[in-house]
Amino acid sequence: MAELIADASAEAVGYSSDECLKCNVCLTVCPVARVTDLFPGPKYVGPQAQRFRTGRAQPVQVPGIPFAPSGDVTVDYCSGCGLCTSACPAGVKIAEMNSQSRARMKAGKRPKLRDWGLGQTDLVGRVGVLFAPISNWALANRPIRAIIETTVGIHREAPFPKFGRRTLQSTWKRRQKRRGTVAVPGPDRAVVYFHGCSANYYEQHVADAAIEILKRNGFETIIPEQVCCGLPLISNGIYTEARQRAHKNLDVLAPYARQGYRIIGTSTSCTHTIKAEYREMLDIHADDATLVANATWDICEFLLDLNERGTLDTRFGRLDEDLPYHAPCQLRSHGIGLPAMELFALVPGLRAVDLDHDCCGIAGTYGMKKEKYPIGMAVGAPLFEKIKASGAPEAACDSETCRWQIEKATGTRTRHPIEILLAAYRAGDAAGGTKRGPLAGTGT
Amino acid sequence: MGESRARDVLVVGGGATGAGVLRDLARRGLRTLLVERGDYGTGTTGRYHGLLHSGGRYVARDALAARECIAENRILRRIAPASIEDTGGYFVATPDDPDDYVDAFQAACSAADVDCEEIPVGEAFRREPALNPGIRRVFKLPDGSVEPWQLIESNVADARAHGSDAWSYQRLVGLQRDGGRIVAATLRDERSGSLKRITPRFVVSCTGAWAGQVAALANVTVTMHAGKGTMLIYNQRMTDTVISRCHTPSDGDCMVPVHTVAILGTTEQRVEDPDGYEITRDEVAALVREGKKLFPNLGTMRLLRAYAGVRPLYQPPAEVTAAALKDGRMISRAHAVLDHAAMDGVENFVTIVGGKLTTFRRMAEDTVDMVCAKLGVTERCTTADEILPNQVPGKTYWLGHRLADHEAEGGGDAGLLCECEFVTRPMLDDFLDRHPGCSLDDARRGTRLGMGPCQGGFCTFRAAGVVAERAGHAGAADVAELADRAILGFLRERFKGTRPIAAGRQLQEQWMISGIYEGGLGVESLIERETPEASREVAGAQR
Amino acid sequence: MPSADVVVIGAGLAGLTAAIAAAESGARVHVLAKGHAATHWGPGGIDVAGIPAASTPRDGIHRLAGQPGHPYAFLGDDVGAALDWIRSHLAAGGVEYVGDLDTPHRLVPTSIGGTRRAAILPAGQAAALPPWAAGERLVICGIAGFKDFWPDAIAASLSRERIWEGGNRPASVTPVSVALPGLAARHNLNALELAHRFDDPAWRATAIEALARAIASVPGSGGRVALPAVLGIREHAAVLAALQQRLPAAPFEMPLVPPSVPGMRLYAALRAALIRAGGRVQVGEMIQRVEHDGRRVTAVVSAAAARTYTVRTGALVIATGGIAGGGLVAELHGRLREPLLGLPVEAPPADEWLSVDAFDPAGHPLEKAGIRTDAELRPVAADGASPFDNVRVAGSQLAGQRSVRDRCGDGVALTSGWRAARSLTAVPAGHTAESGSERP
């Protein structure tokens, strides 16, 4: 009788508060409640406060019907890490519910410049790239950061990556122009790459690694026009604009998904947003949303799947190193285990260690905010200690904002797992003498 | 026995009707005392659906009742806004509801002066997406939900401000007659057992289903039947609007959002004893089946508990004709003021029976008009004119206010005794200050303690701790026994409502809570099985 | 898709003991659990057979084994071995237990002023066990502002002879409440917060000073002091040692309502033992279905974002926790079902599930409901036939026991978990799992 409504939908998220046993298990895993008195914990702001919210049956705004007034305040301190949802024995979708409540709390009010600004990743990215390296200098300049903190509310110490000299999109378009018109291979020989803002504006090397690894395994990469997945807008409760992003992306990706192409992402945050949050948070019910979600894969998830089918190129060379690995909370929400660790196990000599820490504290844009930065740093402190104590030259993590947080806090270079795998492939090439093409039989 | 005390009027029964009568009498200058055997609102008032009727339910069959409802609906919104949530109501035509009723509905509403506006079905679905998608027409009416205990307290407070009084835990155990007059009344204090004798000039019985028992104390026959109505409480408000089926009223055809829950009702079944009845699993299943016609996914929603109240059904004596019923002794078919002078030769006794919570003020007015006529008091009724105490004009109840108030002070769990319902220590202390000697169940009614998904699992022992702490500071000798009663009585009472619906998540909740109390907390060791108190506690919890 | 030799569903005492035992014999073990339930709700164990008639746990096992259908009928002889085995693992994880099967049952006081029968308790609770000397006092020490522990109510109740069944009890029970540093202005104060604070050596030192002063101000000397079960999570041993050293009375914890700090310590120790043995735990896995090929379960499928997550397996242990754990689901029309494989469930008819009296001395008939198994923990139908070859059931999922009322849940859980694993993994000693990267 009390079965959880199994479909992903915003309505199901709201109704899942019915499952709550008030047992407090969620509180035991919440990294934010652990470090600050400003946050009462997931049970309180989630299913408990939910009973005092009207319009529960309409979790996101419906045109023509104003949101009921909200009594919430402290839900804003939820970082959205999702550990509560995982630990709940009854299936309450706590983190998702909190995101909706935050959106409702903010609805009808003008978004704070800071919150809006953090959501404008494409705008910031394009402007930053256009004006790099000045933009990079400015964001590293202490007085300027102090001014930004005072006016906009982004903490002066918040980790921020460096803008690249050009966007991935422009690099890609140039490359395509040089190649001329080439027939696009079918879905058994090509995948669509959802690069996300980080690979587009800051970490083109991650995209390069992804493209090369995919090629080694028999897959060409298609990079269509795309916009930010919208997660920073969702996290800041700006749902209407987030929906615009979502629909734009779905319009581009759905035709590929219909033809059977898989959509690969190198950001566990972006891929989770597409897999789950378009439906659960933004309440987008179009068939395209389900179609695209089902076609979306995290890159490590994809490579591991190839391995299980026996078609992964496993000619990794030896990497003799101790590698601390942090599993981002946005990876745990995928519910796919830790594919990076499984892939690391295929690399001879690689001693990868899961640091087994709950959250690095950045939680997307959360830890960048002035009032939340100290909370994020307190949440991540044990993780940073472990990494520093390991003495390892580099660490690995699938999520970009986590990498920036860890690097800033520990001084340890932190890479995407596929960068490690690429290094292993190259070591394999070197050992074998020549760079080899894909194995026969790969590419399915 | 205690000393007697001269009063103008003794009102028996502290439900909404009694409280309304008390207020009206007080405002007309009569020194009145109300007595109630338990805590206020523990009879039918406290066990009803929570609905502020628009009258839409009655327009087709009983236009007079409908007119009364809408008139009182408007008055109560004006005089008691804080006790009312302005949910609005939809009367919906489901596939099971015949066209002829639906087609005639709007006209019937107009004829009874009940505001009724047909709205596009799409708008209703946008506002209430859980509704049955097969609904073909929707009418909007001014139904609402009402909080009865606050209403009663406000009436009593106003009466006190006008020089009258109310005593709870005083059971009427005797009415002494001298020929055609009642000359004295004996009250027993239910907590101490002591007796008191008072000598009112007039006695008004507002005891609903128990009116027969009260009248019998004066050797007067009033035949009452108890019509049990079962209701189901759902953990979530799957609707913020009162939803009623647009059809001839029947079981399980109305869902009312009341505070944090939604209540599906109701049924009708005659029972022998208004204090002892059972709710069966079959009844629950039947209600759920009907409820699904309004909300198809109802089976997946968390059923929190079942409870029942008894409707006071009056059976007039055979010799009273229909014409006589309409002639001044009966104001409407919905309620009846029984003039025992005319009917039974007792000149200073009336009984008010029937009616519904929505019309309590009107019932009181009719009753007090009769009493005043007999006492030669010429003051007019003013209860509709003035807003009740502790109410802000126009400011109706908002579900979110408890959350908002607590969050505005920084939120957090440190101050919450009952986390499910956001009940703070100051709220409980305030209630206990104003209701000395009450049970935790009384505190529940006043504060909503224990009314959430854990059904008292987490707050029971905390509240018991507060009771013990207070009792200790007051130098009470039986601190431990008070705490025992608080814990055991409250847990028993909550269990009573869980048992008929024991399934799904709520059974899991019950199992978890009993696992905690019987496991690490060792609750069994508190139970003393042979003492009279223990049996009374069990007996009390059966009500 | 990943594969395992044994998948265990449920990460409670039964599931984790089964997993550790299986991993130790060389199997690749995945534990999949939706979340945490009884471990994080309960008092932290270990209840073996705390029935009123039993002088010791061993005596209790014997008595319960005589009840028709009780799991101890076929598990009873193994409880000792399983207990010794698991407690060495728990000790390695920093959680020591005091008492064994031959320790006499005694009444220990509880945080609602009652008593419960116990013989085997975690070290932090164990000072409550020994008999009370003549004139020995008990101080109930609460923390100001902490709403899950009410010293006045507790002390008043424990001062009554009948709470101790007329037997050995403290000469006096006196409440005291202490304001601990930094708590007064907090908006949030719960057992977890306090436990985290006790883990911090600096705060701990000032707090213990405050506690010591407050207890010293209570008339009398020596005796014992009951504190709420918040005495640290990771640093519990250090906290306990510091309290034992500094306080004028012997301290012990009293378990509270969830979140159970003693339970969290138990869980952490079990999990650490499993990881040391090479097993893996994944929490947050909502199992959608279990695939089988005839009589063999082949894979466990759980819900993931936009797809399912499948683990192929050679065997399955179902340790899903009975009604409280969500392992048995009750439907309104009166059926009790096992949601993973639809295993036959032994249960009374619906109108007999619950007595009218919440505290019926005979208990509720539904308490004994569960999955009937053979002596090897294979689920069986009414005719005794087992529908699956490679499935075992452990813990409160098992029929025939009143795991709470008879205080046998922990004993049944750890013994059935241990036995289930041994029944599945008859792997020769010396074979070890291939070690790859460490992972949870």
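Chains as they are written, first to last, in this note's numbering: chain A, 57 to 500; chain B, 1381 to 1923; chain C, 3 to 442.
Using N, Cα and C, we set each Cβ at its ideal position, and we do this for glycine too.
Cutoff 8 Å: residue i Cβ touching any chain B Cβ
i	result
glutamate 443 of chain C	Residue coverage of chain C in this structure runs from 3 to 442, which leaves residue 443 of chain C outside it and unanswerable.
glutamate 67 of chain A	yes
tyrosine 71 of chain A	yes
glutamate 75 of chain A	yes
phenylalanine 76 of chain C	no
proline 183 of chain C	no
Amino acids of chain B, ordered along the chain, whose beta-carbon sits closer than 9 Å to that of residue i
i	result
glycine 175 of chain A	Correct list: empty, because the minimum Cβ distance to chain B is about 25 Å.
glutamate 333 of chain C	Ala1883 and Gly1884
Interface flag, residue i vs chain C, CB-CB below 8 Å
i	result
phenylalanine 110 of chain A	Strictly speaking, residue 110 of chain A in this sequence is threonine, with phenylalanine absent from that position. No, threonine 110 of chain A does not count as interfacial toward chain C.
glutamate 364 of chain A	yes
asparagine 350 of chain A	yes
Under 8 Å by beta carbon: chain C residues contacting residue i
i	result
valine 1859 of chain B	Asp154, Ala155 and Ala158
threonine 84 of chain A	His38, His42, Leu194, Pro261 and Met266
C-beta contact flag for residue i and residue j at 8 Å
i	j	result
valine 1622 of chain B	serine 1525 of chain B	yes
aspartate 414 of chain A	tyrosine 381 of chain A	no
isoleucine 1896 of chain B	tryptophan 355 of chain C	no
arginine 388 of chain A	glycine 286 of chain C	yes
arginine 394 of chain C	valine 382 of chain C	no
glycine 447 of chain A	alanine 465 of chain A	no
proline 124 of chain C	glycine 46 of chain C	yes
arginine 1825 of chain B	glycine 1426 of chain B	yes
alanine 371 of chain C	proline 350 of chain C	yes
valine 299 of chain C	serine 5 of chain C	no
Beta-carbon contacts of residue i that lie in its chain and below 7 Å, excluding the five residues immediately before and after
i	result
glutamate 1898 of chain B	Glu1904
alanine 352 of chain C	Gly336
glycine 1430 of chain B	Ser1525, Val1526, Val1636, Val1638 and Ile1643
glutamate 1941 of chain B	With chain B running from 1381 to 1923 in the structure shown, residue 1941 of chain B is simply not present.
Contacts of residue i in chain A (Cβ-Cβ under 9 Å)
i	result
glycine 286 of chain C	Gly138, Leu139, Thr141, Ser142, Ala143, Cys144, Arg388, Ser389 and Gly391
Partners in chain C for residue i, counting only beta-carbon separations shorter than 7 Å
i	result
valine 7 of chain A	No answer is possible for residue 7 of chain A: it lies beyond the span of chain A, which begins at 57 and ends at 500.
isoleucine 1867 of chain B	Ile114
Chain A contact residues for residue i, given Cβ-Cβ distances below 7 Å
i	result
glutamate 1787 of chain B	Gly127, Asp128, Val129 and Thr130
tryptophan 43 of chain C	Cys79
Own chain, CB closer than 6 Å to residue i, minus 5 neighbours either side, in chain order
i	result
valine 537 of chain A	A question about residue 537 of chain A goes unanswered here, because the residues of chain A that appear run from 57 up to 500.
aspartate 1724 of chain B	Val1600
aspartate 307 of chain A	none
isoleucine 142 of chain C	Pro153, Ile156, Ala157, Pro177 and Ala228
Residue burial classification, residue i (beta-carbon count within 10 angstroms, cutoff 16)
i	result
glutamine 1886 of chain B	buried
valine 240 of chain A	exposed
isoleucine 1450 of chain B	buried
tryptophan 193 of chain A	exposed
glutamine 156 of chain A	buried
Proximity test, Cβ basis, 8 Å: residue i and chain A
i	result
glutamine 1888 of chain B	yes
arginine 1949 of chain B	No information on residue 1949 of chain B is available, as it lies outside the stretch 1381 to 1923 that chain B covers here.
proline 1833 of chain B	yes
aspartate 1620 of chain B	yes
Within chain B, the residues that residue i reaches when beta carbons sit closer than 7 Å
i	result
glutamine 104 of chain A	Glu1799 and Cys1800
Interface residues of chain C facing residue i [CB-CB closer than 9 Å]
i	result
alanine 159 of chain A	Chain C residues near alanine 159 of chain A: none, gap ~20 Å exceeds 9 Å.
Residues of its chain near residue i, where Cβ-Cβ distance is below 8 Å and the 5 sequence neighbours each way are ignored
i	result
lysine 331 of chain A	Ala349, Thr352 and His390
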